[in-house]
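Input: a single structure, listed below in C-alpha cells.
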Amino acid sequence: MEKIRLTTAQALIKFLNQQYVHIDGEEFPFVEGVFNIFGHGNVLGIGQALEQDAGHLKVIQGKNEQGMAHAAIAYSKQKLRKKIYALTTSSGPGSANLVTAAATALANNIPVLLIPADTFASRQPDPVLQQFEQEHSTAITTNDALQPVSRYWDRVTRPEQLMSSLIRAFEVMTDPARSGPATICISQDVEGEAFDYDKEFFRKRVHYIDRKQPVERELKGATELIKQSKKPLIVVGGGVKYSEAREAIMAFSEAYDIPLTETQAGKSAIEHTFKKNLGGLGITGTLAANKAARQADLVIGVGTRYTDFATSSKTVFNFENTKFLNINVSRMQASKLDAFQVVADARITFEKLTPMLEGYKSSHGSTLPELKEEWAGERNRLRHITYDRDNFDPEVKGQFSQEKLNRYADTLNTNFPQTTALLTINETIDKDSVVVCAAGSLPGDLQRLWQSEVPNTYHLEYGYSCMGYEISGTLGAKLAEPLKEVYAMVGDGSFLMLHSELITAIQYNTKINVLLFDNSGYGCINNLQMAHGGGSYNCEFRTADDQVLNIDYAKVAEGYGAKTYRANTEEELIAALEDAKKQETSTLIEMKVLPKTMSDGYEGSWWNLGVAEVSEKESIQQAYKFKEKMLEKAKKY
C-alpha cells in the first residue's frame, strides 16, 4: 500500500480537508475551518501544518479559547449541525478554557472538534511549562477535565493512533442521536513526529447522515394514542430544526387542529405567524402555551429534552390526565416522562403519521384563537410600559422601592423599560435577521415576546445557559449566515464575562451587532433571590459607598474599533438600529434600561429551586412552604 510521510499534525490537517457529509442527496465538506490560539504546545506542530497547507480550511485567530469555541458551537448550531469548525489550543490554561465551551456543546448536542495540545508523550522534559503534577499519576493532565464534557475523548501519544482516533471522532459527531463535542488531545512532541501513513487514510470520506425510519409498531402506537386524545399538544424542540421538519409538522398541525408550543431550542423552527403556534412553553413561556399545556390530554414531544424550563420543573402538565408521545432520534430522550417512544427522524415520522390519522380532529375548537388573542393583549401591554417616577409598578416579584428605582433612573440617566426596548428592536430590524442570546433575563423576554417571522432566526443557547456565549455565538452565527444581519442580545453581566470575539469579528471584517442591555447588575438573579424571600444581596453593581456603577460600554467597544451608539429612548434606539444596518463594521448599541422592567412568569411557570429550609426571615420560610406545596404537583420522573 502506498505511503506518505507526514507529521501527526500535518496528517490531521490533511484528514480534516477530506471529510464530507451526505444529507438528503446533498454532499458538502463537513469541516469549514479551524479556530486557533497558538501557544508553545501547538504552534510548532499544528501551527506549522496549517501554515504549510491548510487546504480549503479557513483559519481564524481567536482571542479567548472559550470564546472561539463558543463561536464554533454557534456556527454548527446555526448550520443545523451540517458543518463544523475545529479548534486548536495550547496545553494547560488554553485547554482548561475549553471546559465551559465543551459543556455548552454537550448540553446542546452540537458537534465541534476540540484539539488541545497535551504534555510530552516521552515525558523527557517533564514537568514542562503549564504542566501540573499529581503524586498518584503522571498520566493525568489538564485535558482530563474535558472527559466528562465530551461526547468522545481520546489522547494521542503516538502518530499512528491519530487514524483510529479521528475516524471514531467523526463517527460520533455525524451521528444525529449522539452528536456532540469530540476532543482529541495530542501530545505536543507527537504533533511534530513523522510517520509513514497509508495514503488510503486521506481519501475523501463521506459520512452519510440518513434519516431513521419509524417502524410499523411505533407508527401504529402513535396513531392510536392521538386518536384517543381530545386535546393533544405538540412541543417543538430543537430536534425539529435539525430534522428540518417544519413543513411536515405544520401540515400535521393544520390537518388535525393540534396546537404547537416551543422550547427555547425549538423557537423559530416554525414561525410565529403560523396560526397554531402558541409560543414558548414553561417557565419562560407564554400564558397561551402554558394554559394549553395544562388542558392537554396528550403531549407530543418532538426533538426535546424536556428540561426543567420547558416543563416548569414538571408542573406545567396535568399528569393525572396527560399521556406522552415522544418522537426523538435519541432513545434516552424519547423515553422521558414514561412516554410512548418513537425513536426516529421527526420529519419522516410526521410525513408517515399524517395520512394514518385521516378522519381525526381535536376538540380544541375556538380555544386556540382565544388563547392567542389574550396573549397578544398582554404582549401589547408590555410593549407600551412607561416609567412614572412617583408610581411605577415593576413587572417582577421582589420589586425595588420606588426610591431605589428612581436612584437607578437618575444614575443611568434613563427611563427605558427593558420590554419596550426589546419589542422596539423586534419591530425595527429586518425580519430575516438572526438574534443570539444565552443567559440572564433576556431569554425569558425573548421566548415570551419575540416574534420570529422567518425560520431559524432565533438562536438561543439555553441548554447550558452559558453567560458569555452571546457575542462569541453571534460571530459564529454570522459566519454561518454571512448575508444576514446578526444581533447579540446581551446583558451587562454577560458582556463583562466574555466579549473577546467582538475583536475577532472586527479583525476579520465579519460584521456583528451587539445590543447591550445595561441595568447595572445581575438583574435576573436579583429577581430570583428577592422573589424567594431574600434581600437584594450582592447582585447589583455598586461601589463600596453604595453608588450604582455607570459604565460606558459604548466607549469600550469604540476603543476596539466598533461603530457605537447610546440609546436610552425608543426614538434613539430606532435611529441607532437603522443606522447600524448601513454599517460595514461591527456595531454596539448601549441601552441603559431600568431594573425590574423585564417580563415576569405567568400561569404554569413555577421553577423548582434550592430554597433554604431553615431561615430567620419569614419571607424565606413562606417561600419554602410554597415550594413544598408545588412539589406535590410535580412528576417525580
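Here the sequence shown is numbered in full-length UniProt numbering, starting from 1 and rising by one per residue. Here a beta-carbon is modelled for each residue, glycine too, at the ideal position from N, C-alpha and C.
Cβ distance (whole Å) where residue i is taken to contact residue j below 8 Å
i, j, result
"T261", "L287", "Actually they are not in contact, since the Cβ atoms of T261 and L287 sit about 12 Å apart, beyond 8 Å."
"A177", "K231", "With a Cβ gap of about 30 Å, A177 and K231 do not count as contacting."
"R4", "Y197", "Checking the sequence shown, residue 4 turns out to be Ile, not Arg. Contact holds; Cβ gap of about 6 Å."
"V240", "G303", "5 Å"
"T7", "A54", "Their Cβ separation, rounded to whole angstroms, is 15 Å, which puts T7 and A54 out of contact at 8 Å."
"D257", "H364", "6 Å"
"T510", "K478", "5 Å"
Status (buried if at least 16 other CB within 10 Å, exposed otherwise) for residue i
i, result
"I140", "exposed"
"L129", "exposed"
"Y537", "exposed"
"M68", "buried"
"K372", "buried"
"T284", "buried"
"H499", "buried"
"F324", "buried"
"V614", "exposed"
"G359", "exposed"
"D338", "exposed"
"F28", "exposed"
"P111", "buried"
"E427", "exposed"
"K625", "exposed"
"N391", "exposed"
"M332", "exposed"
"K361", "exposed"
"E26", "exposed"
Where residue i falls: helix, strand or coil (DSSP)
i, result
"D466", "Asp is not the amino acid found at residue 466; the sequence shown has Cys there. Residue state, collapsed to three classes: coil."
"G493", "helix"
"G47", "helix"
"I84", "strand"
"T307", "coil"
"W153", "strand"
"E632", "coil"
"M591", "strand"
"V396", "At V396, the pLDDT of 46 sits below 50, so the modelled position is not reliable; the number obtained from the coordinates is stated separately. Correct three-state label for V396: coil."
"R379", "helix"
"D518", "strand"
"K415", "Checking the sequence, you will find Asn at residue 415 rather than Lys. Three-state DSSP puts N415 in coil, outside helix and strand."
"P369", "helix"
"N64", "coil"
"Q131", "coil"
"C524", "helix"
"H207", "strand"
"G285", "coil"
"R217", "helix"
"H499", "coil"
"L609", "coil"
"G25", "coil"
"I4", "strand"
"L16", "helix"
Contact under 8 Å by Cβ, residue i with residue j
i, j, result
"G482", "T349", "The amino acid occupying residue 482 in the given sequence is Pro; Gly does not appear at that position. Cβ distance not < 8 Å, so P482 and T349 don't count as in contact."
"residue 679", "D545", "Outside the displayed range of the chain (1 to 637) lies residue 679, so it cannot be described from this structure."
"P159", "F195", "yes"
"A310", "G282", "yes"
"I13", "A117", "no"
"N568", "F416", "yes"
"N608", "S313", "yes"
"A101", "H70", "yes"
"V593", "A421", "yes"
"K617", "G533", "yes"
"G62", "E501", "yes"
"I184", "V149", "no"
"L87", "L114", "yes"
"Y514", "A488", "Note on identity: in this sequence residue 514 is Val, with Tyr being the wrong assignment. Yes, the pair counts as a contact, with Cβ atoms nearer than the cut-off."
"S91", "Q228", "no"
"S494", "M530", "no"
"K267", "Y306", "no"
Whether or not the stretch 205 to 215 and the stretch 13 to 30 are in contact is what I'm after, with contact meaning three or more pairs of Cβ atoms, one per stretch, closer than 8 Å; do they touch? As far as the Cβ criterion goes, the stretch 13 to 30 touches the stretch 205 to 215, which means the pair count is three or higher.
Should the stretch 215 to 231 be called in touch with the stretch 344 to 364, which here means at least 3 C-beta pairs below 8 Å? Contact check between the stretch 215 to 231 and the stretch 344 to 364: three or more CB pairs, one atom from each, fall below 8 Å, which counts as touching.
Are there three or more Cβ pairs, one per stretch, closer than 8 Å when the stretch 402 to 411 is compared with the stretch 533 to 551? In short, these stretches touch, since the Cβ pair count reaches three.
Contact between the stretch 567 to 584 and the stretch 494 to 506 is defined here as three or more beta-carbon pairs at a separation below 8 Å; is this criterion met? In short, these stretches do not touch, since the Cβ pair count stays below three.
Just checking, does the stretch 461 to 470 make contact with the stretch 433 to 450 on the three C-beta pairs under 8 Å criterion? Output reads yes: the stretch 433 to 450 touches the stretch 461 to 470.
Using 8 Å as the cut-off, can you tell me whether the stretch 444 to 460 makes contact with the stretch 40 to 50, which would need three or more C-beta pairs spanning the two stretches below that distance? Because the criterion of three Cβ pairs below 8 Å is not met, the stretch 444 to 460 and the stretch 40 to 50 do not touch.
Okay, do the stretch 467 to 474 and the stretch 71 to 87 touch, 3+ Cβ pairs below 8 Å being the bar? By the Cβ criterion, the stretch 467 to 474 is in contact with the stretch 71 to 87, since at least three pairs of Cβ atoms, one from each stretch, lie closer than 8 Å.
Do the stretch 250 to 268 and the stretch 87 to 101 touch if we need at least three Cβ pairs shorter than 8 Å? Using a C-beta cut-off of 8 Å, the stretch 250 to 268 makes no contact with the stretch 87 to 101, since fewer than three inter-stretch Cβ pairs fall below that distance.
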